[in-house]
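Asker: Protein chains in written order, with this note's numbering: chain A, 1 to 91; chain B, 92 to 221.
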Amino acid sequence: MPAVPASSESVVLPEGVALHARPAATFVKTALRFRSRLTVGSDGKVADAKSILAVLALGAGGGTVLRLSAEGEDAPAALEALASCVSGLVE
Amino acid sequence: MSNLVGIVLVSHSLELARGLADLASQVAGADVRVEPAGGGPGGSLGTSGDAVREAIARADRGQGVVVLADLGSSILTVRHLLEGKANGHIRLVDAPFVEGAVAAAVVSSAGLPLEDVAKAAEDARGASKF
Numbered sequence: 001m002p003a004v005p006a007s008s009e010s011v012v013l014p015e016g017v018a019l020h021a022r023p024a025a026t027f028v029k030t031a032l033r034f035r036s037r038l039t040v041g042s043d044g045k046v047a048d049a050k051s052i053l054a055v056l057a058l059g060a061g062g063g064t065v066l067r068l069s070a071e072g073e074d075a076p077a078a079l080e081a082l083a084s085c086v087s088g089l090v091e
Numbered sequence: 092m093s094n095l096v097g098i099v100l101v102s103h104s105l106e107l108a109r110g111l112a113d114l115a116s117q118v119a120g121a122d123v124r125v126e127p128a129g130g131g132p133g134g135s136l137g138t139s140g141d142a143v144r145e146a147i148a149r150a151d152r153g154q155g156v157v158v159l160a161d162l163g164s165s166i167l168t169v170r171h172l173l174e175g176k177a178n179g180h181i182r183l184v185d186a187p188f189v190e191g192a193v194a195a196a197v198v199s200s201a202g203l204p205l206e207d208v209a210k211a212a213e214d215a216r217g218a219s220k221f
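Dropping the structure here:
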């Protein structure tokens, strides 16, 4: 099978919204809808976007730039959904 | 969504089981049934097979139940209860109590099957906190 190149996109967490507890769970639930390997990076750390514990461990605060990466058959749709999810997060 | 995998939290302490059920529900959302089974008879520290059985019945919506236990004899209580009915529908997992409960609840809330919910709990063992 030909390798599917990873694609990525940067999004900014809304001001005042940290990627903790409920917002993190909303993000992870979105990631779990896709088959692709999905990661989220912040401040030099990279987490599996489908793991609530890994996403919580990023400790990303409001206004932080998140680097989303996707690798797999549904990567474009996953990136779009995750970026839209992040933009719409509320506390 | 009502057909999600249920979670049962077995602790020697009723307060610990209730508090963790509350935390996991707050993070994952109210759709997932997270049921505490804590304490022994009369509110003492311990575990009760009856309490575990009732919690499993409350958590079971037909897609299976993942059971997490805190320490030592709480594992024995669950094992004893499940003996002879190991049909795979009720799964005791070897997982860290707090992290495993939260991870399992979030994966269940996304509508994933028992196998994935159990794996999320067990994978919590390797997760760094920071």
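Even glycine gets a Cβ: it sits at the ideal position worked out from N, Cα and C.
Which same chain residues, not among the five before or five after B/Ala195, have their C-beta less than 6 angstroms away from its C-beta?
Answerer: Hits under 6 angstroms: Ile98, Val157, Val208, Ala211 and Ala212.
Asker: Using a Cβ-Cβ cutoff of 7 angstroms, what residues of the stretch 53–76 of chain A are near chain B? List them in chain order.
Answerer: So the close ones are Leu53, Ala54, Ala57 and Gly59.
Asker: Touching or not, the stretch 213–221 of chain B and the stretch 98–115 of chain B, by the rule of three or more beta carbon pairs under 8 angstroms?
Answerer: With a cut-off of 8 angstroms, the stretch 98–115 of chain B and the stretch 213–221 of chain B do not count as touching, because too few Cβ pairs lie within range.
Asker: If contacts are defined as beta-carbon pairs under 8 angstroms, then A/Val55 and A/Val40 qualify, I think. What distance do you get, rounded to the angstrom?
Answerer: The pair is a contact, with the Cβ atoms about 6 angstroms apart (cut-off 8 angstroms).
Asker: Starting from B/Arg170, trace the alpha helix (DSSP H) both ways and give me its first and last residue.
Answerer: It spans Gly163 to Leu173 - the alpha helix (DSSP H) in which B/Arg170 sits, taken as one unbroken run.
Asker: Going by other Cβ atoms of all chains shown within 10 Å of its Cβ, with 16 needed for buried, is B/Arg182 buried or exposed?
Answerer: B/Arg182 comes out buried.
Asker: Between the Cα of B/Asn94 and those of B/Arg149, B/Val143 and B/Leu136, spot the shortest distance and give me the residue it belongs to.
Answerer: With distances taken between Cα atoms, B/Asn94 lies closest to B/Arg149.
Asker: Check the Cβ of A/Ala25 against every Cβ in chain B and list those closer than 8 angstroms, keeping chain order.
Answerer: Within 8 angstroms Cβ-Cβ: Val118, Ala119, Gly120, Val197 and Ser200.
Asker: How long is the line joining the alpha carbons of B/Val169 and B/Gly140, rounded to whole angstroms?
Answerer: Computed Cα separation, rounded: 7 angstroms.
Asker: Just to confirm the assignment, what range does the alpha helix (DSSP H) spanning B/Thr249 have?
Answerer: Absent from the structure is residue 249 of chain B, since the part of chain B shown begins at 92 and ends at 221.
Asker: Curious, which full-length beta strand (DSSP E) runs of at least 3 residues does the stretch 24–74 of chain A contain?
Answerer: Runs of the beta strand (DSSP E) inside the stretch 24–74 of chain A: 37–42, 45–48 and 65–71.
Asker: Below 8 angstroms on C-beta distance, what does B/Ala209 contact in chain A?
Answerer: Under the 8 angstroms cutoff, chain A gives no residues; its nearest Cβ is about 15 angstroms from B/Ala209.
Asker: Among A/Leu53, A/Ala60 and A/Leu66, which has the Cα closest to the Cα of A/Lys29?
Answerer: Considering only alpha carbons, the answer is A/Leu53.
Asker: So which of A/Glu71, A/Leu79, A/Asp74 and A/Ser42 has the shortest CA-CA distance to A/Leu19?
Answerer: When each option's Cα is compared against that of A/Leu19, the closest is A/Ser42.
Asker: Is the separation between the beta-carbon of A/Ser7 and that of A/Ala81 shorter than 7 angstroms?
Answerer: No.
Asker: Which chain B residues sit within Cβ distance under 7 angstroms of A/Val28?
Answerer: The contacting residues are Val197.
Asker: Checking 7 angstroms against the spacing of the C-beta atoms, do B/Val96 and B/Ser199 come in under that value?
Answerer: It is a contact, given that the beta carbons lie within the stated cut-off.
Asker: Go through its chain and collect everything with a Cβ distance to A/Leu32's Cβ below 6 angstroms, but skip five positions before and after it.
Answerer: Only Lys50 meet the Cβ criterion.
Asker: With a threshold of 7 angstroms between beta-carbons, can B/Leu221 be considered close to chain A, or not?
Answerer: Going by the sequence as given, residue 221 of chain B is Phe instead of Leu. It does: the Cβ of B/Phe221 has a partner Cβ on chain A nearer than 7 angstroms.
Asker: Under 7 angstroms between the Cβ atoms of B/Ala160 and B/Ala142?
Answerer: The answer is no: Cβ separation not under 7 angstroms.
Asker: Anything in the stretch 174–196 of chain B with a Cβ closer than 8 angstroms to a Cβ of chain A? List those residues in chain order, please.
Answerer: Hits within the stretch, in order: Glu190, Val193 and Ala194.
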